[in-house]
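The block underneath contains the structure these notes are about, expressed in structure tokens.
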Amino acid sequence: MSAMRGRWIPVVATAGAAVLLLSACAKEEESPGAGAAPSAGAGQVVQSGAPDGPTCSLDQMGYTKIDLKTAKVGFSQSEKEANPFRIAETQSIKDEAAKQGITQLTLTNANSQFTKQISDVEQMIDSGVQLLVVAPLNSDGWDSVFAKAKAKKVPIITIDRKINATPCTDYLTFIGSDFEEQGKRAADKMAEALGNKGSVAILLGSPGNNVTTLRTKGFKDQIAKIAPDVKIVFEQTGQFSREEGQKVSEQMLQANPDIAGIYAENDEMALGAVTALKGAGKSAGDVKIVSIDGTRGAVQGIVDGWLHSVIESNPRFGPLAFETATKFFNGEPVAQDIIISDREYTEANAKTDVANAY
Amino acid sequence: MTQDVTVPPIAPPPESALRDERRADRLDRIVGTVQRQGALAVLVLVAAIGFAAFPNFRSLANAETILISAAPLALIALGMTFVIITGGIDLSVGSLYVLGGVVAAYASQWGVLAAFLAPLLLCGAFGVVNGVLVAYTRMAPFIVTLAALLGARGLMRALSNEGSETYLVRSEAFRAFGSGEFLGLAYPVWLALALFAGGAVLLGRTRFGASVYAIGGSEDAARLMGVAVRRTQVNVYVLSGLLAGLAGAVNAARLGSGVTVIGVGVELDAIAAVVIGGTLLTGGAGTVAGTIAGVLLLGVIQNLINQVGSVNISWQQVISGAFLAVVVVVQTYLTRLRRIQ
Numbered sequence: 001m002s003a004m005r006g007r008w009i010p011v012v013a014t015a016g017a018a019v020l021l022l023s024a025c026a027k028e029e030e031s032p033g034a035g036a037a038p039s040a041g042a043g044q045v046v047q048s049g050a051p052d053g054p055t056c057s058l059d060q061m062g063y064t065k066i067d068l069k070t071a072k073v074g075f076s077q078s079e080k081e082a083n084p085f086r087i088a089e090t091q092s093i094k095d096e097a098a099k100q101g102i103t104q105l106t107l108t109n110a111n112s113q114f115t116k117q118i119s120d121v122e123q124m125i126d127s128g129v130q131l132l133v134v135a136p137l138n139s140d141g142w143d144s145v146f147a148k149a150k151a152k153k154v155p156i157i158t159i160d161r162k163i164n165a166t167p168c169t170d171y172l173t174f175i176g177s178d179f180e181e182q183g184k185r186a187a188d189k190m191a192e193a194l195g196n197k198g199s200v201a202i203l204l205g206s207p208g209n210n211v212t213t214l215r216t217k218g219f220k221d222q223i224a225k226i227a228p229d230v231k232i233v234f235e236q237t238g239q240f241s242r243e244e245g246q247k248v249s250e251q252m253l254q255a256n257p258d259i260a261g262i263y264a265e266n267d268e269m270a271l272g273a274v275t276a277l278k279g280a281g282k283s284a285g286d287v288k289i290v291s292i293d294g295t296r297g298a299v300q301g302i303v304d305g306w307l308h309s310v311i312e313s314n315p316r317f318g319p320l321a322f323e324t325a326t327k328f329f330n331g332e333p334v335a336q337d338i339i340i341s342d343r344e345y346t347e348a349n350a351k352t353d354v355a356n357a358y
Numbered sequence: 001m002t003q004d005v006t007v008p009p010i011a012p013p014p015e016s017a018l019r020d021e022r023r024a025d026r027l028d029r030i031v032g033t034v035q036r037q038g039a040l041a042v043l044v045l046v047a048a049i050g051f052a053a054f055p056n057f058r059s060l061a062n063a064e065t066i067l068i069s070a071a072p073l074a075l076i077a078l079g080m081t082f083v084i085i086t087g088g089i090d091l092s093v094g095s096l097y098v099l100g101g102v103v104a105a106y107a108s109q110w111g112v113l114a115a116f117l118a119p120l121l122l123c124g125a126f127g128v129v130n131g132v133l134v135a136y137t138r139m140a141p142f143i144v145t146l147a148a149l150l151g152a153r154g155l156m157r158a159l160s161n162e163g164s165e166t167y168l169v170r171s172e173a174f175r176a177f178g179s180g181e182f183l184g185l186a187y188p189v190w191l192a193l194a195l196f197a198g199g200a201v202l203l204g205r206t207r208f209g210a211s212v213y214a215i216g217g218s219e220d221a222a223r224l225m226g227v228a229v230r231r232t233q234v235n236v237y238v239l240s241g242l243l244a245g246l247a248g249a250v251n252a253a254r255l256g257s258g259v260t261v262i263g264v265g266v267e268l269d270a271i272a273a274v275v276i277g278g279t280l281l282t283g284g285a286g287t288v289a290g291t292i293a294g295v296l297l298l299g300v301i302q303n304l305i306n307q308v309g310s311v312n313i314s315w316q317q318v319i320s321g322a323f324l325a326v327v328v329v330v331q332t333y334l335t336r337l338r339r340i341q
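Chains as they are written, first to last, in full-length UniProt numbering: chain A, 1 to 358; chain B, 1 to 341.
What follows is the structure in structure tokens.
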């Protein structure tokens with residue numbers, strides 16, 4: 001008889017596992033962590049794209065009008081909310097959806113796995129979402145998603161990174177910064193900080209997306225133009241992450257102990273570089289660091305003297321994304337490329353504006 | 001192994017007792033099947049819960065999405081099943097998967113045939129190196145395939161300008177393979193099904209399959225029995241490399257480009273799927289059917305977590321991890337129970 005009882009234990013255990021899974025699933029996501037300042041900071045301001053560039057309307061795409069308030073909306077985040085940029089971005093979408101009275105918002109997070117992002121988005125289309133906001137991990141590889149979205153007439157708004165496809169056909173519009181301009185502005189700051197000479201290292205973002213490509217191109221072009229005596233002696237990817245940024249910086253410092261400046265393509269890598277510099281016995285200001293994003297940690301770094309300046313990349317996409325969607329569903333034309341204007345943080349304003357950073 | 005010498009005469013049992021015995025037999029058989037196919041049982045259970053709890057999970061489109069998303073991992077896990085049954089491990093498959101995709105997208109400019117052949121040749125070559133090193137130098141498979149993991153990813157980076165260049169698929173036929181359907185199922189799903197059927201025959205009904213099991217049971221004993229141990233070992237790593245390359249090609253066809261940022265950690269997903277499917281990590285036992293159940297289970301769990309809508313990604317990982325642990329514990333328990341019986 002004991003053998004008989006033993007046989008049922010696995011069944012009970014399996015059922016138990018399922019219950020565990022379900023109860024864990026039923027928990028709603030908590031506020032995504034400390035450091036997020038929901039809607040406290042400055043919202044995004046459109047810089048260009050309104051009437052002059054090409055536009056897209058409901059008729060052009062052949063989609064049908066819906067009321068956004070009662071619509072099912074899906075948001076696909078690319079990377080996990082460990083980086084303040086991602087925290088602020090997701091929070092902004094959630095806050096704005098709540099403000100607009102959208103109750104059916106589905107959130108997914110690809111955790112930096114591109115194939116997961118593809119199946120996340122496809123699953124949301126299957127489940128009947130009527131608007132998709134996507135923060136793409138990679139700029140290519142969206143064929144299957146677009147085919148599915150077109151078949152079901154679901155408009156896709158891509159934010160922060162661009163997808164290499166045709167707006168108003170494959171996707172509706174792109175909302176984001178002018179990344180090349182960010183790179184140029186970072187180059188201006190670097191040239192100024194170094195007095196137009198010295199050796200510079202670049203911590204590249206993760207490969208395969210337009211942010212890295214354009215932030216690199218903008219920086220290099222501008223350096224070559226305005227400060228030809230600034231030499232770029234090192235460039236390697238830090239994958240937009242703090243740990244990688246630190247690791248790569250440590251290796252870079254071994255090979256180039258007399259480096260004068262570091263251009264980090266996001267704040268997380270810049271903060272990793274600061275840790276590496278501390279480890280190498282450097283003091284604040286020895287190496288001029290210029291980075292892009294405008295996270296609170298980095299702006300605080302300017303106050304502390306470790307960072308020279310930060311070019312902002314505003315992650316608060318919620319208001320602009322839903323405003324664009326509302327206009328589109330009302331039949332008004334929207335721009336195919338909506339470029340936001342970004343501020344900058346330097347020694348002059350870091351102390352007063354650190355509260356605005358995310 | 002004792003034999004009864006004297007058999008006492010048995011009175012014919014009454015009719016009712018016979019019926020009871022038959023019922024007990026049937027129950028035994030059902031319980032036995034559940035034990036052998038633990039992953040399948042859990043899969044059915046989880047899917048049933050999903051069916052009951054989430055209306056969106058019930059749709060046909062959703063089932064198709066689960067299948068098509070699972071197809072590349074299924075191919076990789078099929079090769080991994082053979083490797084693990086021999087008692088080995090192949091860590092290079094994640095890198096070969098991304099390398100295969102990049103090469104397939106690049107080669108698609110010369111047509112659909114090239115898009116399939118190029119990744120198969122290249123990843124098969126990696127498999128040959130893995131297999132030869134494991135079989136002839138007797139180095140640990142873990143180290144050999146770890147080296148291949150690094151090498152293949154490095155090669156992928158070199159071919160794609162540090163991963164920043166994404167080659168687009170140029171062949172319409174290749175693209176159509178990734179997006180087309182036949183009888184309601186996508187081509188990659190049919191391909192995976194066909195290869196699994198072939199894999200089941202290969203493992204269960206051929207001399208090669210018998211050798212794979214024998215090596216995993218005991219390499220020395222297999223050698224003494226006259227099994228071509230080295231050749232079999234080379235073959236399983238080649239098979240694993242080929243399937244990883246094919247998975248990359250399938251994925252490239254579906255995405256329409258050779259995406260360079262994928263494949264990290266895929267080897268662990270494949271190993272997890274194989275082990276959940278009842279294959280012993282120590283080798284010697286396992287089935288291809290179990291692996292399918294393992295792959296689908298991973299896909300269904302992910303799908304269900306998404307159905308809930310807004311579980312924080314860190315918690316999603318905790319849930320997946322806990323679930324895997326539970327499944328493996330149940331699996332182990334079932335196996336032990338069967339042995340005791």
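Cβ coordinates follow ideal geometry from the N, Cα and C atoms, glycine included.
Here the structure is a predicted model, which means the values were calculated and not measured.
Nearest residue (CA-CA) to Val133(A), options Lys94(A), Gly294(A), Leu204(A)
Lys94(A)
For the alpha helix (DSSP H) containing Tyr237(B), name the first residue and the last one.
DSSP places Tyr237(B) in the uninterrupted alpha helix (DSSP H) bounded by 229–255.
Which residues bound the beta strand (DSSP E) around Phe75(A)?
Start and end: 72–77.
When DSSP labels each residue in this structure, what does Glu347(A) get in the three-state scheme?
helix
Within the chosen definition, does the segment 208–226 of chain B reach the segment 45–59 of chain B through at least 3 CB pairs nearer than 8 Å?
no
Given that a residue counts as buried once 16 or more other Cβ atoms are within 10 Å of its Cβ, and exposed if not, what is Glu122(A)?
It is buried - the Cβ of Glu122(A) has at least 16 other Cβ atoms within 10 Å.
Would you say Ser108(B) faces chain A, with C-beta separation under 8 Å as the test?
no
For Glu235(A), which three-state DSSP category applies?
Strand, per DSSP.
Among Glu312(A), Asn196(A), Asn210(A), Lys152(A), which has the Cα closest to the Cα of Lys288(A)?
Relative to Lys288(A), the option among Glu312(A), Asn196(A), Asn210(A), Lys152(A) whose CA is nearest is Asn196(A).
When the Cα of Ser76(A) is compared with those of Gln60(A), Leu105(A), Phe85(A), which residue comes out closest?
In terms of CA proximity to Ser76(A), Leu105(A) leads the group Gln60(A), Leu105(A), Phe85(A).
Would you mind sorting Ser283(A) into buried or exposed? The rule is 16 or more other CB atoms within 10 Å of its CB.
exposed
Any C-beta of chain B within less than 8 Å: which residues of the segment 219–247 of chain A qualify?
From the segment 219–247 of chain A, only Thr237 have a Cβ closer than 8 Å to chain B.
For Cys56(A), which three-state DSSP category applies?
strand
Once the 5 residues before and after Met156(B) are set aside, which same chain residues still bring their CB inside 6 Å of it?
Val98, Leu99, Val102
Amino acids of chain B, ordered along the chain, whose beta-carbon sits closer than 8 Å to that of Ser283(A)
Among the residues of chain B, none has a CB under 8 Å from the CB of Ser283(A); the nearest is roughly 33 Å distant.
Spatially closest choice to Lys225(A) from Asp188(A), Ser241(A), Pro333(A), Asn314(A), by CA coordinates:
Asp188(A)
Sorted by chain position, which residues of the same chain lie with C-beta nearer than 8 Å to Phe51(B)'s C-beta, five sequence neighbours on each side aside?
Phe57, Arg58
Taking CB distances under 8 Å as the criterion, tell me whether Glu162(B) reaches chain A.
yes
Can Cys56(A) and Pro333(A) be called in contact, C-beta distance under 8 Å?
yes
Can you find a CB in chain B that lies within less than 8 Å of the CB of Gly208(A)?
Chain B, which has a Cβ nearer than 8 Å to the Cβ of Gly208(A), makes this yes.
Give me, in chain order, the residues of the same chain whose beta-carbon lies closer than 6 Å to that of Lys116(A); leave out the 5 immediate sequence neighbours on both sides.
Ala110
Whole angstroms are fine: how far does the CA of Pro155(A) sit from the CA of Asn349(A)?
Note on geometry: alpha-carbon atoms of Asn349(A) and Pro155(A) lie some 40 Å from one another.
Straight-line CA distance for Gln3(B) to Ser95(B)?
Low local confidence applies: a pLDDT of 46 at Gln3(B) is under 50, so the model's placement there is unreliable, with the coordinate-based value given in what follows. Their backbone Cα atoms lie some 56 Å apart in a straight line.
Neighbouring residues, chain A, relative to Ala61(B) (Cβ below 7 Å)
Simply Asp126.
Could you list which residues in chain A have their beta carbon closer than 8 Å to that of Ile257(B), in chain order?
The sequence shown places Ser at residue 257(B), not Ile. Within chain A, the residues near Ser257(B) are Asp140, Gly141, Asp143.
Can you give me the C-alpha to C-alpha distance between Glu192(A) and Ile163(A), rounded to a whole angstrom?
34 Å
Quick one, which of Lys184(A), Ala255(A), Glu312(A) has its alpha-carbon nearest Gln236(A)'s?
Ala255(A)
Mind pulling the chain B residues with CB within less than 8 Å of Phe114(A)?
Val259, Val261, Ile262
Stretch pair the segment 336–346 of chain A + the segment 174–181 of chain A: three plus CB contacts closer than 8 Å:
With a cut-off of 8 Å, the segment 174–181 of chain A and the segment 336–346 of chain A count as touching, because enough Cβ pairs lie within range.
Under a three-way DSSP split, which group does Asn303(B) fall into?
helix
Using beta carbons (cut-off 8 Å, strictly below), is Ala147(A) in contact with chain B?
yes
According to DSSP, which residues form a beta bridge with Pro167(A)?
Under the DSSP definition of a beta bridge, Pro167(A) partners with Tyr171(A).
Any chain B beta carbon closer than 8 Å to Asp120(A)
yes
For the segment 306–326 of chain B, list every residue whose C-beta sits within 8 Å of some C-beta in chain A, in sequence order.
Listed by position along the chain: Asn306, Gln307, Val308, Gly309, Ser310, Val311, Asn312, Ile313, Ser314, Trp315, Gln316, Gln317, Val318, Ile319, Ala322, Phe323, Val326.
When DSSP labels each residue in this structure, what does Val334(A) get in the three-state scheme?
Val334(A): strand per DSSP, three-state reduction.
For the beta strand (DSSP E) that contains Gln104(A), what are its first and last residues?
Boundaries of the beta strand (DSSP E) around Gln104(A): 104–109.
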